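Colleague: In the numbering used here, the protein residues as written are 22 to 320. Ideal Cβ positions, reconstructed from N, Cα and C, are used throughout, including at glycine. Computed from a predicted structure; not experimentally measured. Starting off with a structure, shown below.
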């Protein structure tokens, strides 16, 4: 589990760590108070390093375009919410960056793209519950990110087993149904709930699709960082060309191309290793031979 800010910083550390020249100039707000979402005159500590046309990025991810610079007053006038970013209040004395090559919005987009493509190889385990109902065979599920239910079970209580976990075999998961007839379009069909009584609670374990950095296991954060760095770094490698009118022909891909391929290979290796770990952990999910047979016939 990691916050978006932690992941952003780890991506930056890789992007700029091997080539400090690419690291953008950093200044600090000196506003004598927070910068509101509507302020357009910004006071900084080192005004001589800024010019008209520069892009300033705040730590909120917002970008602003500098329209005028007043060196005597250590301030510049900006157009807020530049490049589709959102204006927000910024705490005074915090760092700002000048013309960053890899903006926070680019980093966030790369991280989101990697997270979106993790499943079905990489995921997390999660659990849910429902109440046994003698009048219904179908139980809708409303768990965020539920992709595949692995097991349905309940605790056998009292003389039956002293809270021993017990598997329910007669169930089937269904997906992609019309939500007008079936809430959420996903649920469990269960014809028998074993020794449970009407109104008792049963539980299920499922594969959950990672939707945000906060869903990640600590060990999964690094592979997302590696993938995001590859996407960002690879996008900056100039194309190979023989066009005499294209100036890029004099700029060979060089080290940046090699670096991006290295990050790709590390990402793919980490992804495969994590999939192996998850498969190993799945062996310990409460299940039975009948349950495993049913899963092999589901989508």
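Please report the residue range of the beta strand (DSSP E) in which residue 48 lies.
Modeller: Judged by DSSP secondary structure, residue 48 falls within the beta strand (DSSP E) whose first and last residues are 47–49.
Colleague: Here's the rule: buried if 16 or more other CB atoms are within 10 angstroms of the residue's CB, otherwise exposed. What is residue 280?
Modeller: buried
Colleague: Pull up the distance between the alpha-carbon of residue 189 and that of residue 223, whole angstroms please.
Modeller: 9 Å
Colleague: Would you say the segment 242–258 touches the segment 24–34, given that touching needs at least three Cβ pairs under 8 Å?
Modeller: yes
Colleague: I need the DSSP call for residue 29, collapsed to helix, strand or coil.
Modeller: helix
Colleague: Beta-carbon of residue 244 versus every beta-carbon of chain C: anything under 9 Å?
Modeller: This model lacks chain C altogether, as it is built from one protein chain only.
Colleague: Where do the ends of the alpha helix (DSSP H) carrying residue 146 lie?
Modeller: Counting along the chain, residue 146 falls outside any alpha helix (DSSP H), though it belongs to the beta strand (DSSP E) covering 145–152.
Colleague: Select from 164, 199, 129, 120 the residue whose C-alpha is nearest the C-alpha of residue 253.
Modeller: Across the set 164, 199, 129, 120, the C-alpha of 129 shows the shortest separation from the C-alpha of residue 253.
Colleague: Counting beta carbon pairs with one atom in the segment 184–203 and one in the segment 140–156, are three or more of them shorter than 8 Å?
Modeller: no
Colleague: Excluding sequence positions up to five away, which residues of its chain have a Cβ less than 6 Å from the Cβ of residue 84?
Modeller: Correct list, in chain order: 76, 78, 103, 104, 106.
Colleague: Compute the Euclidean distance between the alpha carbons of residue 164 and residue 232, then round it to the nearest angstrom.
Modeller: 13 Å
Colleague: Which of the three DSSP states is assigned to residue 211 in this structure?
Modeller: strand
Colleague: For residue 167, which of helix, strand or coil comes out of DSSP?
Modeller: strand
Colleague: Ignore the nearest five residues each way along the sequence and tell me which others in residue 166's own chain have a CB closer than 8 Å to its CB.
Modeller: The residues are 147, 229, 230, 231, 232, 236.
Colleague: Between residue 68 and residue 200, what straight-line distance do the alpha-carbon atoms span, to the nearest angstrom?
Modeller: 57 Å
Colleague: Where does residue 87 sit, in a helix, a strand or coil, going by DSSP?
Modeller: Here residue 87 sits in strand by DSSP.
Colleague: In whole angstroms, what is the alpha-carbon distance linking residue 319 and residue 309?
Modeller: Note on residue 319: pLDDT 47, under 50, position unreliable in the model; the coordinate value appears next. Taking the straight line from one Cα to the other gives about 16 Å.
Colleague: Assuming residue 101 and residue 61 are in contact, meaning their beta carbons sit under 8 Å apart, how far apart are those beta carbons, in whole angstroms?
Modeller: 6 Å
Colleague: When you compare the CB positions of residue 209 and residue 162, do they come within less than 9 Å of one another, or not?
Modeller: yes
Colleague: Can you tell which of 295, 288, 298 has its C-alpha closest to the C-alpha of residue 135?
Modeller: 288
Colleague: Hey, could you find the ends of the alpha helix (DSSP H) residue 251 is sitting in?
Modeller: 239–255
Colleague: Can you find the residues in the same chain that come closer than 7 Å, C-beta to C-beta, to residue 214, ignoring five residues on each side of it along the sequence?
Modeller: 153, 189, 223
Colleague: Using the Cα positions of residue 120 and residue 72, report the straight-line distance between them to the nearest angstrom.
Modeller: 11 Å
Colleague: Can you have a look at residue 92 and say buried or exposed, based on whether 16 or more other CB atoms are within 10 angstroms of its CB?
Modeller: exposed
Colleague: Can you tell me which of 198, 159, 133, 155 puts its alpha carbon nearest to the alpha carbon of residue 234?
Modeller: Out of 198, 159, 133, 155, the CA that lies nearest to the CA of residue 234 is found in 133.
Colleague: Can you tell me which of the three DSSP states residue 234 falls into?
Modeller: helix
Colleague: Taking the straight line between their C-alpha atoms, what separation do you get for residue 44 and residue 114?
Modeller: 20 Å
Colleague: Are residue 172 and residue 307 close, meaning C-beta to C-beta below 9 Å?
Modeller: yes
Colleague: Using a Cβ-Cβ cutoff of less than 8 Å, which residues in the same chain neighbour residue 55 once the five nearest sequence positions on both sides are dropped?
Modeller: 110, 111, 112, 113
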